[in-house]
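Start counting the sequence shown at 4; every next residue gets the next number (the working numbering). The structure appears right after this line, and notes come after that.
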Amino acid sequence: MSLIKEPVVIHKGLDNVYVKESRICFIDGEASKLFYRGYSIEELAAHSTFEETAFLLIYGWLPTAVQLKQFISKLSANRPLEDGLLRLIREFPDRSDPMDVLRTAVSALGLYDSQPMTDENQLRIDKAIRILAKIPSIITAFDRVRNHKDPVTPKEQMTHAAEFLYMLTGNEPDPYDAHVMDVALILHAEHEMNASTFACTVTASTLADMYSVTTSGIGTLRGPLHGGANEAALRTVLDVGDPSKAESYVVDALAHKKRIMGFGHRVYKTWDPRYLILKGFAGELAARKGQSALFDTAVAIETSARKHLEGTPIFPNVDSYSGIVFHMLGIQTDLFTPIFAMSRTAGWTAHTIEYLENNRLIRPKALYMGKVGLPYIPIESRTGKVEE
Ligand SMILES: CC(C)(COP(=O)(O)OP(=O)(O)OC[C@H]1O[C@@H](n2cnc3c(N)ncnc32)[C@H](O)[C@@H]1OP(=O)(O)O)[C@@H](O)C(=O)NCCC(=O)NCCS
Numbered sequence: 004m005s006l007i008k009e010p011v012v013i014h015k016g017l018d019n020v021y022v023k024e025s026r027i028c029f030i031d032g033e034a035s036k037l038f039y040r041g042y043s044i045e046e047l048a049a050h051s052t053f054e055e056t057a058f059l060l061i062y063g064w065l066p067t068a069v070q071l072k073q074f075i076s077k078l079s080a081n082r083p084l085e086d087g088l089l090r091l092i093r094e095f096p097d098r099s100d101p102m103d104v105l106r107t108a109v110s111a112l113g114l115y116d117s118q119p120m121t122d123e124n125q126l127r128i129d130k131a132i133r134i135l136a137k138i139p140s141i142i143t144a145f146d147r148v149r150n151h152k153d154p155v156t157p158k159e160q161m162t163h164a165a166e167f168l169y170m171l172t173g174n175e176p177d178p179y180d181a182h183v184m185d186v187a188l189i190l191h192a193e194h195e196m197n198a199s200t201f202a203c204t205v206t207a208s209t210l211a212d213m214y215s216v217t218t219s220g221i222g223t224l225r226g227p228l229h230g231g232a233n234e235a236a237l238r239t240v241l242d243v244g245d246p247s248k249a250e251s252y253v254v255d256a257l258a259h260k261k262r263i264m265g266f267g268h269r270v271y272k273t274w275d276p277r278y279l280i281l282k283g284f285a286g287e288l289a290a291r292k293g294q295s296a297l298f299d300t301a302v303a304i305e306t307s308a309r310k311h312l313e314g315t316p317i318f319p320n321v322d323s324y325s326g327i328v329f330h331m332l333g334i335q336t337d338l339f340t341p342i343f344a345m346s347r348t349a350g351w352t353a354h355t356i357e358y359l360e361n362n363r364l365i366r367p368k369a370l371y372m373g374k375v376g377l378p379y380i381p382i383e384s385r386t387g388k389v390e391e
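This is how it looks when you write it as structure tokens:
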């Protein structure tokens, strides 16, 4: 029984709880719509670049040519890693999960900023750009080092997406692959008050620095119910292996109350618009790369799952095809969530900057259901479990 006398409503999972006003992102989960700063995701995917989209999210407007050039130059200038950070990355065990590496390296990045704490908006933006620029360098440096290769020095004049693929492989990427990567980054850049963005906002509300904010986001994104779902969805497709086995997999999974990864969403109760865009690219990539069997298996799982989930609001989400796209781009599976973080940093930092314009410490409550006033028990009399 609770000691609180007035009626209390617990919003477990914080479903439908609004924590702030925002001008960054709008999702209409019933109508399959997603807007960044008022622009539809379809328009941005068709016409924008990740750099432009990140600028839009952080500053609030689409950049002019001059503003975009300056933004791209700042990203380029910030991409090389500090020697100390590179040395640190070289010291990490090869078997480390890249998300753990990213979380640790972004935290360490703050040590190389002589003034991580700031209450100036422009300096916050500069730090956001610095972190945004460094994350692809961190991810690729670790991947190279664990594969006993030297990190690749970033080239200037490449898009963020192409630069990432270049630093990963050491080869300039095929322009189509770079374009698909660019679109994937746009699609993952922002998604309103999701779990990791909320974690960032909580951290920001204490007036902590941007590195602590981003580290909170990375730690929260790491879980399989959030960032890890695309890895799990790809693993499912690879395990199923053939379109003919999709139906029995889905029937068995649902009978055992297992979740189909890449399906379901807290906000979308219909098609995730990002899924629709990525599925198109996955189909094209499969045809170009001769990987139709993989794509066909994913489509068969999707078709079968939708058939069995008919009448429910459980539809495919962005993760049902993002892992497949990254896989076909030749990217190792455990880098998918770090790539998500690399993109979502734009949204995390945009929300941080917005929230701090009108900050209030986030401090909710927990309804205490325990006892009070228990007599202190001498160590020799304790039972070693919760006292009755
Ligand atoms: C994302 C997710 C956590 C959102 O779930 P949610 O809004 O909290 O919904 P709940 O967990 O309350 O699930 C509601 C019902 O739908 C079912 N459900 C939800 N997602 C499901 C899925 N992917 N496959 C099968 N059933 C699912 C649940 O089993 C539950 O059924 P029940 O009421 O009979 O117990 C959930 O859909 C999920 O785990 N999906 C798989 C992971 C994933 O793809 N995550 C990426 C999100 S972008």
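Note that CB positions come from ideal geometry on N, CA and C, so glycine has one too.
Whole-angstrom distance between Ser43 and Lys36, CA atom to CA atom: Each residue's Cα considered, the two are about 7 Å apart.
So what's Asp31 in DSSP terms, helix, strand or just coil? Annotated three-state conformation of Asp31 is strand, per DSSP.
Buried or exposed for Gly222, going by 16 or more other Cβ atoms inside 10 Å? With 16 or more Cβ atoms within 10 Å of its Cβ, Gly222 is classed as buried.
Anyone know if the C-beta pair for Arg84 and Ile142 falls short of 8 Å? A quick correction: the sequence has Leu, not Arg, at residue 84. Not a contact, by the Cβ cut-off of 8 Å.
Taking Leu332 as the reference, give the member of Gly293, Ala353, Val302, Leu359 with the closest Cα. Nearest option by C-alpha distance: Gly293.
Of the residues Met184, Val240, Tyr271, the one placed nearest Ile334, counting alpha carbons only: Ile334 has its Cα closest to that of Met184, out of Met184, Val240, Tyr271.
Between Gly350 and Tyr214, is the Cβ-Cβ spacing less than 8 Å? No, they are not a contact pair.
Residues near Val148 by beta carbon distance below 7 Å, same chain, minus five either side: Ile92, Arg93, Pro154, listed in sequence order.
Near Val22, what residues of its chain come up, given a Cβ to Cβ distance below 8 Å and the 5 sequence neighbours on each side ignored? Counting only Cβ-Cβ distances below 8 Å, and skipping sequence neighbours, we find Met196, Phe201, Thr204, Ile365.
DSSP-derived helix/strand/coil call for Leu37: In the three-state reduction of the DSSP assignment, Leu37 falls in the strand class.
Contacts around Thr306, its chain only, beta-carbon distance under 8 Å, and the 5 residues preceding and following it disregarded: If we look at Thr306 and ignore the five residues flanking it on each side, its Cβ neighbours are Ala249.
May I have the straight-line CA-CA distance separating Leu370 from Tyr179, to the nearest angstrom? The alpha-carbon of Leu370 is positioned some 53 Å away from that of Tyr179.
Heavy atom of ligand 1 less than 7 Å from the Cβ of Met264, yes or no? The answer is yes for Met264.
Which of helix, strand or coil DSSP assigns to Ser43: In the structure shown, Ser43 falls within a strand segment according to DSSP collapsed to helix, strand and coil.
Got a sec: does ligand 1 put a non-hydrogen atom nearer than 7 Å to the Cβ of Arg106? Answer for Arg106: no, Cβ out of range of ligand 1.
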